[in-house]
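As they're listed, the protein sequences go chains L and Z.
Sequential numbering from 1 applies to the first sequence in the numbering used here.
Sequential numbering from 1001 applies to the second sequence in the numbering used here.
Using N, Cα and C, we set each Cβ at its ideal position, and we do this for glycine too.
None of these values were measured; they are calculated from a predicted model.
The structure under discussion appears below in the form of C-alpha cells.
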Amino acid sequence: MSTPLVPMSVNGRWVGIAWAGRGFPAGARVRRGVVSERRSRRGTTSDGFRVLWVAIKREPWIFAVSTLGSVLFGALTVADAWVLGWATDHVVLPAFDTGEIAPELLLAVVALFLGVAILRAVGIVARRLGAGVMQYRMQAHTRRAVTRQYLSLPMEWHQRHPTGQLLSNANSDVEAAWGPIAPLPMAVGTVAMMVIAIAQMFAADLVLAMVGLLVFPAVVVANLGYQHYASPLMTKAQQLRAELSEVAHESFDGAMVVKTLGREAEETDRFAEIALRLRDVNIRAGRIRAAFDPILAALPSLGVLVVLAVGVARVVSGATDPGAVVTVSYLLTIVSFPIRSIGWLLGEFPRSVVGYERVQHVLEATGEMTYGAEPATRSAGGARLEVRHLGYRYDPEQSLLDDVSFTAEPGRTVALVGATASGKSTLTGLMTRLVDPDEGAVLLDGTDLRELAQGELASVVSLVPQTAFLFDDTVRGNVTLGADVPDGAVWEALRAAQADGFVAALPHGLDTRLGERGTSLSGGQRQRISLARALVRRPRLLVLDDATSAVDPEVEARILEALRSGAQESTLVVVAYRKATIALADEVVHLEDGRVADRGTHDELLARSPAYAHLVNAYEVAAELVGEAE
Amino acid sequence: MSTTGTALDTGEQIGAIATLRRGIHYSPELTEGFRVTLLLALIASIGQVIVPVTVQRTVDHGLNAPGGPDVSYVVEMGIAAALAISLTSWASYAMTRRLFATSERGLATLRIKAFRHVHDLPLLTQNTERRGALVSRVTSDVDQVSQFLVFGGLLLIVSVGQVLVATVVMVIYSWQLALVVWVCFAPLFLSLRYFQQKLSAAYGVVRGQVGVMLSAIAEPVVGAAVVRSYAVEDRTQARIDEAIDEYKAASTRAQGFTAFSFSLGGVSAGLANAGVIVVGVWLGFAGDITAGTVLAFAYLVTLFVGPVQMGTQILTDAQNAIVSWRRVIGILDTPADLVDPGPDGATLPHRAADVCFRHVLFAYPGGPPVLRDIDLEIPAGRRVAVVGETGSGKSTIAKLLTRLMDPTEGAVLLDGVDVRSISQQSLRRSVVLVPQEGFLFDDTVAANVRYGRLDATDEEIVAAADAIGLGDWLAGLPRGIATQVGQRGESLSAGERQLVALWRAQLADPDLLVLDEATSAVDPALEMRIGQALERLMTGRTSVTIAHRLTTAERADEVVVVDRGRIVQRGPHAELAQQDGSVYASLYASWVAQQGR
C-alpha cells in the first residue's frame, strides 16, 4: 500500500507547482473500462456525492472530527494572515515609526503566532488522521459486508461470477468506492476557508476584495480546463495499465512455454508495444499538466499584482491603509492553492461511483440457502444415502442431471463413472447440498437434506473436491478447520491420506504454515491434506470427487488401501476415472449425459454394457493400441 | 520457500543513492538534458519569490515612499513582475514537459528490460516467485517510480531550489533574521531521519498486512465449496475479520505517523514567524533593518516553509518509490544463469538428434545433489522413458535436456555438441518440451499452435493437426482453429489443452521431443486421443518421456530408472520387470496391483 501523494496543506503564500497527482492512483489499480464514458459529468458528480453521503452517515463522528480539523486548519491559516496584518499595523509599523514598543505587545505577537501554529497542527492531525480513519473504517465495513455475502450466497451464485471479478469487488472496488474520502475533509475545509477569507477580504477593503475575487473564477475555469483535457488521457492510461498487467500475468504464467520454445523476444515485443503506448499517453498527459500548472500558479500572483496597483491608488486617495493591501494580497495567495482540492475530490468521483456500484451489486444479491430444523443422525457407522429422481439444470435449456436415482447403503462404496460433462461433479454438489435440486430429493438416513438444520449436514458428510483448496493456515488448521481435535487424530488422518510422511518432513510439522492456497505444496500433496481434512471428521458419508487425480498412482493405491481397510466405516461415494478406484466399489452408477445409464457391480456392467466397458477400458485400449498413451 | 541463490534480488541491501545510480544505469534516458531541466527548474523557483519581493518593494518604496505613496513606482514594479512571472511560467512549462518525457521514456525502457529479464531468469527463480509479485515489479512498481519522478522528483528539485533561493534572498535581506528562521527549523530537520525510518517501517507493516488481507478475502471465493461443505463459515469470517482489522490498524498507525510528522512543520513555521517579528523589531531599534524588510521576511518565511513541508512529504513518499525502484532493479540485478552463445554458437542439423549425458551432476545452489553420476547415451530416433518415484530427480533430467538449467558438473550433448555451445535459436528449434500442464495463451487455437512456429500458415496448422490425428477433434470445435481458448486455455478441458500442446509441438517439428507426462487423470476417451497423437508425434524423432505411468514405460524402446539421483537400471521394460528385487520391479508390481490387473 502506498501513500498516494496527498494534497498538502499549504502554508501561506507558497504557491508551488500544482499538485493534481491523484489522477495517477498509486499502485495502478488495474481494471478495464472502469470509467463509463457514457456517464455524464453531472450524473457522476451527484452520484459521487451520494456515495460520500453513505460514508458520512455511517461514520458521522469521525467525519465531524476530520472536517472540524480541516475547518480549524483553514480558519487558522486565514488567522495567520490576520495575525500578520495585525502585527504589521500594531507592532511593526508603529515600532519603526516611534522607535519604541511595549514588551507585552511583542509577547502577544509570539503567543498569537505560536498559538495559531499549534492549533493549526492539531487541525492537520485531526484532518489527516480523521480522513484516514474514516476511509479505513469504511473499507473495513464494506469488506466485511462483501465477504459475509460471499459466505452466505449459494454456490450457484458463485458459479455465475468469475473469481477474478469477486476478488476485485472486495479489494480494488472497495478502495475505489471510498477513494474520495481522503480529499473530502480538505475540500470541505477549503470551502470554509474560502468563506472566511472572502469575508476577511471584504472586511479589510471592499474594492480590493472585489478585485481579488476575480481570481477565483479564473482558477476554477483553468481547473475545469485541465480536467477536460487530462481526464480522457488518464482513463486511457488506466486501461493501458490493465492491459499491461494482463499481458505480464499471462506471459509469466506461460514462462515455461516461452522459455522452451525460445519466444522471449516475441513476448517482449508484445509487452513493449503496450508499454510504449502507455509511455506516450503519459507524456501527452504531462504536456497538458505542464501547460496548466504555470497558469494555475500564475493567476493568483497576477491577482496580487493587480491588488497592489489598485491598493496603492486607494492608499494615495486615503481610502484604505497599507495593512489592508497586505492582508488582501496575502489572503488571495492562501486560498488559491487549496481551492484545487475541490478539483481532486471531483476527480475521484468517476472511479468511486463505478466501484461503489460494483460493490452494491454483490451486496444486493439475494438467494440465501434456507435450512430446516432436523438434527442429523449421529450414530456410529455409515449413513444411508438415497438419491431420488434428481433433476438439476444450470439454465432452463440445459439440463445437467435428469431423473437420477440410486442408493448407497451404510458402509458401502458407490462409484460414479461417466465421461466428461456427464454430471458427476454436479451430483456430488447435490449430495453435499452445495446446491439444491430442481426436482427430486437427496435423503440422508431418510431425511431430505433441505430439512436438516444449518451445520448438521457438515457434521456427518464430508466432500473432498477435485481441486484441493487450502487455507493460508498451518497444516493442523487446514486439517481440523478450528475443531478441537487431538494431534493423534490429526496424524491418524494424515496417515490414512498418505500425507504423514511429507508433513513430518516439513520444518515445523503440523505447525508449518502452508502459505496462500498452499502454494508451497505440490498438487498431489494438497489433495492429500484436503483428504485428511475429510477423514479426521470421521464422516458417516464421504464423497470423493476425483480427489486423488494428482496423486502418484502408487500413493493413490495406498490411500485406497487405507480407505478399504475399514479404519473408517463411512459410506463412500467416489467419482473416478481410474479402474483401480472403480473396482473398489460395491456398486457402480454409470452416468451418461446427466442420466443413469446403468447400475450394478463393476463386473456386471463390464459384462452387459459395451459403452461402460469402452469407457473404463479406454486406458488399456489406448495403451495397447498405441503404446505411449500418456 | 526461497533457497539461497534462487530467490530474486530484493535489492534491500542497496541504499537510496545507489538505487538512484543503478536506476540511471538501467534508464540512461533519465539524465538526458538534465542540466537544462535543472536550469529551468531554477528559473521556475525564482518565480516563487517575485511576488513577495514585489510586495516588499511596493510597501517600502511605493506605499511608504518618502513624501507619500509613489504610484508610478508601483506600476513599474507591477509590469516588471508580470513579465518575470511570464518568463518563470514558461520555464516551469518547459521543465515539466521535459521531465515527463525523460522519466516516461526512461521508465518504459526499464519496464521492458525488466520484463525481458524475467523470461531470462532461471526457471527455478521464476517458479519460486509468486506470479503476482513478479507482475507487480514490471507494472505497479514502475508506475510508482514514474509517479514519484514526475511529481515528487520534480517537486523535490523545485522545493530544494526554493529553500535555497529563499535562504539566499533572506540572507540578502538580513542574515540575522535568516539565522533565526534556520534555528527555528533545526529541530524539524534533525528529526526528519527518525520520522522517515518510523514511517518506512510503519508502511512496511501495512504492505505486509495487505497481502494477508487479500489472501483471507480470497478464501470465501476460491474455497467457496470447501467452506460450505465443511460449514466453516464462522471460522472463515473470523479469520477475514481479523485480517481486515489488522490491516485497518496498521494503516491507521502509519497515517498517524504521517499526520504527526507533517504537523511539525507548521509549528516550526509559527515559531519562525514570531521569531522574525520579535527579532526584526529589536533589530529595527538598532537601526539595522527597515519595516519593509521585516514584512518581506514574514513572506519569506512562508516561502521557506512551503517547500520544506512539501519536501518532507515527498521524502516520505520517496521511501515507497525507492522500495519499488529497488524491486525492479532487483530483477535486472539477478543474473540469468543461462548464457546464450548467440550467433557464434553451433547450429544443429535438422534430423533426429542423439543425446548424451556425460558425468552429469546437478545440485540447486546451496543444496545437495539432485542428480549425480549420470552417464547416458540415447541414439537418434529412440524412445526412452525415464521412471522413478517422486523426488527421484527424473524431472531434472528433462530440464537439463531442454537447457532450462545447466548441469553443475559434466555436460549434456546433442549430436555430440555441448548444449551450452549451441545457439539458443538452434536449440529451441531442435528441442521441444511438452510440459505437464498444457499452458495456453488467451487467444485462438491457431495462435496458440502457431507459437510452435511463428511463420506457419493456417494450412500448415491444419495439416499439423491432421498429421497427429486431430482432424476430427478440430472439426468438432465451434469455430475450428479460430476458437478462443479463454484465459490459460480454460475454455478447453485439461485433456484438450494437452492436445493443443502436442499439436504445437508437431508444428514446431523438433528433432528431440521431451515430454513431461501429465499426472492428472482425464476423460478416458480423450486419454486415448492423446495417446494416438503422442504416438504420431514421436515418429521419426528422438524422444525422452518423464513417465508417471508405467504403460508408457511398457511401450518405450528403453526404460531408464532413476532412484535418489542416480540411474539404477536401464533396458527394455520386459527385461527390467524380470529383475527381482529391483527398483523397477517393485514399481511395476505396485502399478499392476493398483490397476487391478
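Among the CB atoms of chain L, none fall inside 8 Å of the CB of Phe1362 (chain Z). Comparing alpha-carbon positions, the option among Z:Arg1541, Z:Arg1479, Z:Val1222 and Z:Val1138 lying closest to Asp1557 (chain Z) turns out to be Z:Arg1541. Close to chain L, meaning a Cβ-Cβ distance shorter than 9 Å, is no residue of the segment 1559–1572 of chain Z at all.
With respect to the 8 Å criterion, Ile1461 (chain Z) and Leu1502 (chain Z) are not classified as neighbours on the basis of their beta carbons.
Bridge pairing for Cys1356 (chain Z): Z:Glu1377 and Z:Leu1413 [DSSP]. Thr601 (chain L) has its alpha-carbon roughly 26 Å from the corresponding atom of Ala534 (chain L).
Taking a Cβ-Cβ threshold of 7 Å, none of the residues of chain L is close to Glu1032 (chain Z); the smallest such distance is about 14 Å.
Asp1458 (chain Z): member of the alpha helix (DSSP H) spanning Asp1458 to Ala1467, first to last residue.
Within the segment 1511–1548 of chain Z, the complete alpha helix (DSSP H) segments at least 4 residues long are 1524–1538, listed from N- to C-terminus. Within its own chain, no residue has a Cβ closer than 7 Å to the Cβ of Gly1416 (chain Z) once the five positions on either side in sequence are excluded. The beta carbons of Val1370 (chain Z) and Gly1565 (chain Z) sit closer together than 8 Å. The Cβ-Cβ distance between Phe1260 (chain Z) and Val551 (chain L) does not fall below 8 Å. Here Leu214 (chain L) is not bridged, per DSSP, to any residue. In the DSSP assignment, His590 (chain L) falls within the unbroken beta strand (DSSP E) covering Glu587 to Glu592. According to the DSSP secondary-structure assignment, Tyr392 (chain L) is paired through a beta bridge with L:Leu401. Relative to the Cα of Leu244 (chain L), the nearest Cα in the group Z:Thr1031, Z:Glu1496, Z:Ala1108 and Z:Asp1406 belongs to Z:Ala1108. Within the segment 171–224 of chain L, the runs of alpha helix (DSSP H) at least 4 residues long that lie entirely inside it are, in chain order, 172–177, 184–204 and 206–213.
Per the Cβ contact rule, the segment 1560–1578 of chain Z is in contact with the segment 1381–1397 of chain Z (3 or more Cβ pairs under 8 Å).
Taking C-beta atoms under 8 Å as the contact rule, Ser352 (chain L) and Pro232 (chain L) fail to qualify, at a distance of about 18 Å. If the five residues before and after Ile1085 (chain Z) are omitted, its C-beta is found closer than 7 Å to the C-beta atoms of Gly1047 and Ile1050, all from its own chain and listed in chain order. Boundaries of the beta strand (DSSP E) harbouring Arg595 (chain L): Arg595 to Gly600, taken from the DSSP string. Secondary structure note for Arg1570 (chain Z): it is in no alpha helix (DSSP H), and the uninterrupted beta strand (DSSP E) holding it is Arg1566 to Gly1571. Against chain Z, the beta carbon of Lys424 (chain L) has no neighbour under 8 Å; the closest one sits roughly 11 Å away. The Cβ neighbour count for Met210 (chain L), taken over all protein chains shown within 10 Å, is under 16; the residue is labelled exposed. Taking a C-beta distance under 8 Å as the contact criterion, Ile1422 (chain Z) and Val1118 (chain Z) do not qualify as a contact pair.
Interface flag for Ala291 (chain L) against chain Z is set, since a Cβ pair is found closer than 8 Å. Apart from sequence neighbours up to five positions away, the residues of its chain that approach Thr1483 (chain Z) with a beta-carbon distance below 6 Å are Val1445 and Leu1477, ordered along the chain. A Cβ-Cβ distance of about 11 Å is found for the pair Val1412 (chain Z) and Leu1404 (chain Z), leaving them out of contact under the 8 Å criterion. Here the alpha carbon of Thr432 (chain L) sits roughly 52 Å from the alpha carbon of Thr1408 (chain Z).
Here Asp1070 (chain Z) has Gly1062 as same chain residues with Cβ atoms under 6 Å from its own Cβ, once five neighbours each way along the sequence are excluded.
Bounds of the beta strand (DSSP E) holding Leu443 (chain L) are Glu439 to Leu444. Annotated as proximal: Leu1470 (chain Z) and Leu1499 (chain Z), with beta-carbon spacing under 8 Å. The alpha-carbon of Gly429 (chain L) is positioned some 6 Å away from that of Val435 (chain L).
Around the C-beta of Arg1228 (chain Z), 16 or more other C-beta atoms lie within 10 Å, and the residue is accordingly described as buried. Per DSSP, reduced to three states, the secondary structure at Pro1335 (chain Z) is coil, with no helix or strand assignment. Inclusion of Val1305 (chain Z) and Ala1250 (chain Z) in the CB contact set at 8 Å is not warranted, their separation being larger than that value.
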